[in-house]
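S.K.: This is the structure I have questions about; it appears just below.
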Amino acid sequence: MADTLSIQEIIEQAIQFEEESVQLYANAALVAKDGHVKARLEEMAAEERAHADKLRALLGTNIRWASRKSRAERGTIPDLQLAETLRPRQLGPESDTQDVMVVAMHREKAAYDFYRAMTGLVDDPMARGLFELLAAEEQQHKYRIESTYEKAVYK
Numbered sequence: 001m002a003d004t005l006s007i008q009e010i011i012e013q014a015i016q017f018e019e020e021s022v023q024l025y026a027n028a029a030l031v032a033k034d035g036h037v038k039a040r041l042e043e044m045a046a047e048e049r050a051h052a053d054k055l056r057a058l059l060g061t062n063i064r065w066a067s068r069k070s071r072a073e074r075g076t077i078p079d080l081q082l083a084e085t086l087r088p089r090q091l092g093p094e095s096d097t098q099d100v101m102v103v104a105m106h107r108e109k110a111a112y113d114f115y116r117a118m119t120g121l122v123d124d125p126m127a128r129g130l131f132e133l134l135a136a137e138e139q140q141h142k143y144r145i146e147s148t149y150e151k152a153v154y155k
């Protein structure tokens, strides 16, 4: 599958994934009853929108340069492993902040796992670099959500 995709198509699929996340969080915010949960969902939708915009900007830049720059800047991203131990619930009107954050962790982990898997399926170094860049972005998102969860829940 990945061998038949161009770099542009890969980025477009990543944009689609981010836009689906925007919709998920925005729709959940519409039905959330708790003001804090609603605000967090709206914030998460805005973050995902910014991620999609960043990917759109990649379409008009030198992918090789962006991938090398990202690799040099990202370093090691901690993994608190919360998504691996917490089970998500369906988001609905009664969802609380914990529910929202666990769903978000799982969404970011799924994106990370997808991009990591793609790095092993392509031979093109530029495509592999792009997948590594996208995986690192998702790992960073997951860490930020897990870190926020840890501070809020395990105080």
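Every letter in the sequence shown is one number past the one before it in our numbering, and letter 150, counting from 1, is 150. A virtual CB, placed ideally from N, CA and C, is assigned to each residue, including glycine.
What does the alpha-carbon distance come out to for the pair A72 and L80?
M.R.: As a position in the sequence shown, residue 72 is number 72, starting the count at 1. As a position in the sequence shown, residue 80 is number 80, starting the count at 1. In this predicted model, A72 has a pLDDT of only 47, less than 50, meaning its place in the structure is not dependable enough to derive any value.
S.K.: For the putative contact between I7 and L55, defined by C-beta atoms under 8 Å, what is the C-beta separation to the nearest angstrom?
M.R.: Locating residue 7 in the sequence shown gives position 7, counting from the first residue. Locating residue 55 in the sequence shown gives position 55, counting from the first residue. No, I7 and L55 are not in contact; Cβ-Cβ is about 12 Å, not under 8 Å.
S.K.: Is the separation between the beta-carbon of K142 and that of A83 shorter than 8 Å?
M.R.: The residue you call residue 142 lines up with position 142 of the sequence shown. The residue you call residue 83 lines up with position 83 of the sequence shown. Yes, the pair counts as a contact, with Cβ atoms nearer than the cut-off.
S.K.: Apart from the five residues just before and just after A14, which ones in its own chain have a Cβ nearer than 6 Å to its Cβ?
M.R.: Taking the first residue of the sequence shown as position 1, residue 14 is located at position 14. L55 and L134, listed in sequence order.
S.K.: Return the chain-ordered list of same chain residues with a C-beta closer than 7 Å to the C-beta of S147, the five sequence neighbours on each side being excluded.
M.R.: As a position in the sequence shown, residue 147 is number 147, starting the count at 1. Only L80 meet the Cβ criterion.
S.K.: Exposed or buried, what is G35 when buried is set at 16 or more other beta-carbons lying within 10 Å of its beta-carbon?
M.R.: To locate residue 35, count along the sequence shown from 1; it is residue 35. Answer is exposed; the Cβ neighbour count stays below 16.
S.K.: When the Cα atoms are used, what is the spatial distance from D96 to E47?
M.R.: Within the sequence shown, the letter at position 96 stands for residue 96. Within the sequence shown, the letter at position 47 stands for residue 47. Computed Cα separation, rounded: 19 Å.
S.K.: Would you check if the distance between the CB atom of L41 and the CB atom of A52 is smaller than 8 Å?
M.R.: Looking up residue 41 in the sequence shown gives position 41. Looking up residue 52 in the sequence shown gives position 52. For L41 and A52, no; Cβs fall outside 8 Å.
S.K.: Could you check what DSSP says for G129 in three-state terms: helix, strand or coil?
M.R.: Here the question's residue 129 lines up with position 129 in the sequence shown. Helix.
S.K.: Taking 7 Å as the cut-off, is the CB of D79 close to at least one heavy atom of the ligand ATP?
M.R.: Inclusion of the ligand ATP in the displayed structure is not the case, the ligand content being empty and no account of it being possible.
S.K.: Among R128, R107, Q139 and T76, which one has its Cα closest to the Cα of Q90?
M.R.: Numbered from its first residue, the sequence shown carries residue 90 at position 90. Here the closest residue by C-alpha is R107.
S.K.: Following the continuous alpha helix (DSSP H) through Y112, name the residue where it begins and the one where it ends.
M.R.: Here the question's residue 112 lines up with position 112 in the sequence shown. Counting along the chain, the alpha helix (DSSP H) containing Y112 begins and ends at T97 to T119.
S.K.: With a Cβ-Cβ cutoff of 8 Å, do Y149 and M101 count as a contact?
M.R.: Reading the sequence shown from its first residue, position 149 is the one you call residue 149. Reading the sequence shown from its first residue, position 101 is the one you call residue 101. For Y149 and M101, yes; Cβs fall inside 8 Å.
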